[in-house]
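Visitor:
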Amino acid sequence: MANEQVDPEHQSAGAWAKKYYFATRVVMEAVLRPYDIGPTQWYVMHQLMTLGPTSQRDLARMLQIERATLTGVVAALVRKGLVEQNPDATDQRQKVLTATPAGAALWQELPDPIALILETAFDGVAQADIDTTARVLREATGKLTSLFPKGKES
Numbered sequence: 001m002a003n004e005q006v007d008p009e010h011q012s013a014g015a016w017a018k019k020y021y022f023a024t025r026v027v028m029e030a031v032l033r034p035y036d037i038g039p040t041q042w043y044v045m046h047q048l049m050t051l052g053p054t055s056q057r058d059l060a061r062m063l064q065i066e067r068a069t070l071t072g073v074v075a076a077l078v079r080k081g082l083v084e085q086n087p088d089a090t091d092q093r094q095k096v097l098t099a100t101p102a103g104a105a106l107w108q109e110l111p112d113p114i115a116l117i118l119e120t121a122f123d124g125v126a127q128a129d130i131d132t133t134a135r136v137l138r139e140a141t142g143k144l145t146s147l148f149p150k151g152k153e154s
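Given below as structure tokens:
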């Protein structure tokens, strides 16, 4: 049967990558919840605090999220007073996002969930193993991404 699962326990590398992703989301949500900020909002703030003002279009590309998703995330950050959204000086149709002083102040208070995740998940793991894991997943992701490039369907 074509859909018969070879590994009934589903212990493949892909299954573990998915489990790792979900575990990191749980940690991020728990760490950020007291600050009333979600993981995607954290990533937006991280980009703005690292790169400075950024166009919303570029941010969607950097974070690899849909425009509609980013629109909702940005709207929430604007409502909270953490981000300003202004028309681009050269193209009024585009929006440029900037962290507000309140956003910058919150950023200084926020714990770094990524550091916690990496310290916890990879404590005691040899750097060579971490490098191999990253390389294998990067290559596999590249192969799958090129299988059906965005906008092309089978």
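No gaps in the numbering here: position 14 of the sequence shown is 14 in this note's numbering, and each next residue is one more. The beta carbon of each residue, even a glycine, is placed where N, CA and C say it ideally should be. All figures in this text were calculated on a predicted structure; none of them were measured in a lab.
1) Which stretch, first to last residue, makes up the alpha helix (DSSP H) that contains residue 83?
2) Do you know offhand how far residue 64's Cα is from residue 40's?
3) Check residue 95 in the structure and name its three-state DSSP category.
4) Please report the Cβ distance between residue 107 and residue 45, rounded to the nearest whole angstrom; I am assuming they are in contact, meaning their Cβ atoms lie under 8 Å.
5) Residue 122 and residue 130: beta carbons closer than 8 Å?
6) Work out the CA separation of residue 144 and residue 86 for me, nearest whole Å.
7) Shortest alpha-carbon distance to residue 138 belongs to which of 74, 48, 103, 17?
8) Assess, as a yes-or-no matter, whether the stretch 19–26 is touched by the stretch 75–92 under the definition of 3 or more beta carbon pairs within less than 8 Å.
9) Beta carbon of residue 47, beta carbon of residue 95: below 8 Å?
Guide: So, from the listed chains and residues:
1) From DSSP, residue 83 is part of no alpha helix (DSSP H) but of the beta strand (DSSP E) over 83–87.
2) Distance between the alpha carbons of residue 64 and residue 40: 11 Å.
3) strand
4) With 8 Å as the limit, residue 107 and residue 45 qualify as a contact, their Cβ atoms being about 6 Å apart.
5) yes
6) Those two C-alpha atoms are separated by around 36 Å.
7) 17
8) no
9) no
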